[in-house]
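Take a look at the structure set out below.
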Amino acid sequence: MAKVSTAEPIRLEEDLFTFPIPLPNNPLKWLNCYVLRGGPGERNLLVDTGFYRPECIAALEEGLRQLSLKPEDTDVFLSHLHSDHAGNARYLQDRGCRILMGARDYAIISLPSHNRWARSGQHVLREGMPLRQLERMRQENREVSVTSGDFEAVQLQDGDLLRVAGRELLCVLTPGHTPGHMCLYDRQGETMFLGDHVLFDISPNITFWMDVADPLGDYLDSLRAMLRFPVRLALPGHRTLPQIPIEERIVQLLHHHQWRLENMLQVLAEEPGLTAYELAGRMRWRIHAKSWETFPPGQQYFALGETLSHLDHLLLQGKLRRTEEPECPPRYSLL
Ligand SMILES: [Zn+2]
Ligand SMILES: [Zn+2]
């Protein structure tokens, strides 16, 4: 087991705890794992698991130990399929936990992973990313595609109710960040487990998906839908706990994407006929790199993904034209 400095769980409420799971060499820095501890005869709920790598497993095990959670009495809810959240599902299942997950993301994560990677890899190559950059990204981000293996899950639908740890939790489907992302809402406690739907000091990555027409449109709809819920305690999957009300953050995120769409239209007005990869290199990103060429390959991949989801949205709105010639990446211009 790797030696790591594990943090004490923080008690947020009588039965609600959080502890960080470190995500080494990753710009997300850490995952917030949440635990609802059940009373006698009740099951516990643990939300999200970290990557399948020793540092994450050590923090997870230490959290379980400090909160005296027995795996056989613990349900594990995965907010979405990304491996910083779902990476240890099989590991925890083997320890005796029961896994719960939204049905849509479970269907995707159950596909052989090499298929998903091969398909999205082909897509970014088609959109102009050089092969050497893709290979470097895969080399640097190996854990992104690694999980502890296949697992069985209780598959959840939008509107399902979970009764756990003396609370009633509503499953809220929030597609966008992933096609089947799911939040959990405790109406009585006005508490929302957010996964990566709303983060407070970074903006969730919205990328392309092979079988989704408009992931950004889905995300913006899911953000607006979140405003229906009164939320006193918002629990994001990464970084610091909120300093501002969630409604305020949702408005900021809506503006952020609007700004990015306008930035994209402006760049294409000045320089029509760019490929998606070239366009990504001309947009403004919040990253400390001297130039597009010096972006770490993983960040380039994320920026290109973000660019593609915004392009899909503008194409569907009829604001852009996409032209293709044989053997060349598509080029984008204003309509
Ligand atoms: Zn995620
Ligand atoms: Zn995440």
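Okay, so the sequence shown: first residue is 1119 according to the working numbering, each after it adds one. Heads up, the beta-carbon is just placed ideally off N, CA and C, and yes, glycines get one too.
key: Beta carbon shell of ligand 1 at less than 5 Å from a heavy atom   = H1200, D1314
query = What is the rounded straight-line gap between the Cα of L1141 and the Cα of S1451?
reply = 39 Å
inquiry  = Can you tell me whether D1461 sits near ligand 2, meaning its C-beta is under 6 Å from at least one heavy atom of the ligand?
reply    = There is simply no residue 1461 to check, as the chain begins at 1119 and stops at 1453 in what is shown.
task = Just the C-alpha distance for K1121 and Y1170, rounded to the nearest angstrom, thanks.
result = With a pLDDT of only 46 at K1121, under the threshold of 50, the placement of this residue in the model should not be trusted; the figure read from the coordinates follows. Rounded to whole angstroms, K1121 to Y1170 spans 15 Å at the Cα level.
ask   = With a CB to CB cut of under 8 Å and the five nearest residues on each side skipped, what residues in its chain are close to L1279?
value = E1286, L1287, L1288, C1289
query = By how many angstroms is the C-alpha of P1322 removed from the C-alpha of N1206?
reply = 21 Å
query = Are the segment 1212-1221 and the segment 1356-1370 touching, with three or more C-beta to C-beta distances below 8 Å?
reply = no
ask   = Do the CB positions of P1127 and G1181 come within less than 7 Å of each other?
value = yes
inquiry  = For P1444 and H1241, what's the separation of their Cα atoms in angstroms?
reply    = 15 Å
task = State yes or no: is the C-beta of I1324 within less than 7 Å of the C-beta of S1238?
result = no
query = Leaving out the 5 sequence neighbours to the left and right, which residues in its chain are closer than 8 Å to Q1306 when beta-carbon positions are compared?
reply = R1285, E1286
ask   = Can you tell me the Cα-Cα spacing of R1256 and D1202, whole angstroms?
value = 16 Å
query = For chain C, is any of its Cβ atoms less than 7 Å away from the one on R1129?
reply = Looking for chain C here will not work: only one protein chain is present.
query = How would you write the range of the beta strand (DSSP E) that E1286 sits in, first residue to last?
reply = 1285-1291
key: Presumed contact (8 Å Cβ cut-off) between Y1337 and H1374, rounded CB distance   = Not really, about 11 Å apart at Cβ, beyond 8 Å.
ask   = When DSSP labels each residue in this structure, what does T1412 get in the three-state scheme?
value = helix
message = Just to confirm my understanding: we take F1413, look at its own chain, exclude 5 residues before and 5 after, and list those with CB closer than 6 Å. What are they?
response = A1407
Ranges of the beta strand (DSSP E) found wholly within the segment 1171-1204, counting only runs of at least 3 = 1192-1196
query = Helix, strand or coil: which one does DSSP assign to M1401?
reply = coil
task = Can you have a look at M1119 and say buried or exposed, based on whether 16 or more other CB atoms are within 10 angstroms of its CB?
result = Residue confidence is low: M1119 scores 41 on pLDDT, short of 50, so the model does not pin down where it sits. Its coordinate-derived value is still stated next. M1119 should be labelled exposed.
ask   = Would a C-beta distance cut-off of 7 Å place G1391 and D1166 closer than the cut-off?
value = no
ask   = Tell me the DSSP bridge mates of M1300?
value = L1291
task = Quick one: using the 10 Å Cβ neighbour count with 16 as the cut-off for buried, is L1341 buried or exposed?
result = buried
Endpoints, the alpha helix (DSSP H) within which P1333 is located = 1333-1344
query = Rounded to the nearest angstrom, how far is the Cβ of Y1395 from that of P1447, given a contact under 8 Å?
reply = 7 Å
query = When every heavy atom of ligand 2 is checked, does at least one fall within less than 6 Å of the C-beta of D1319?
reply = no
task = Check whether the Cβ of G1156 lies closer than 6 Å to any heavy atom of ligand 2, and answer yes or no.
result = no
request  = Find the nearest neighbour of N1150 within the set R1129, G1156, R1161, judged by alpha-carbon distance.
outcome  = R1129
request  = Please confirm whether L1353 and Y1152 have their CB atoms less than 7 Å apart.
outcome  = yes
key: For P1230, the nearest candidate out of D1268, V1349, G1335, S1197 (CA to CA)   = D1268
Contact check, E1160 vs A1331, beta carbons under 7 Å = no
ask   = If we call anything under 7 Å between Cβ atoms a contact, is D1193 one with R1208?
value = no
query = Is the closest heavy atom of ligand 2 to the C-beta of G1355 under 6 Å?
reply = yes
ask   = With burial defined as no fewer than 16 other Cβ atoms inside 10 Å of the residue's Cβ, what is the status of L1397: buried or exposed?
value = buried
inquiry  = Short of 6 Å in beta carbon distance, which residues of its chain neighbour R1400, apart from the five on each side in sequence? Order them along the chain.
reply    = V1385
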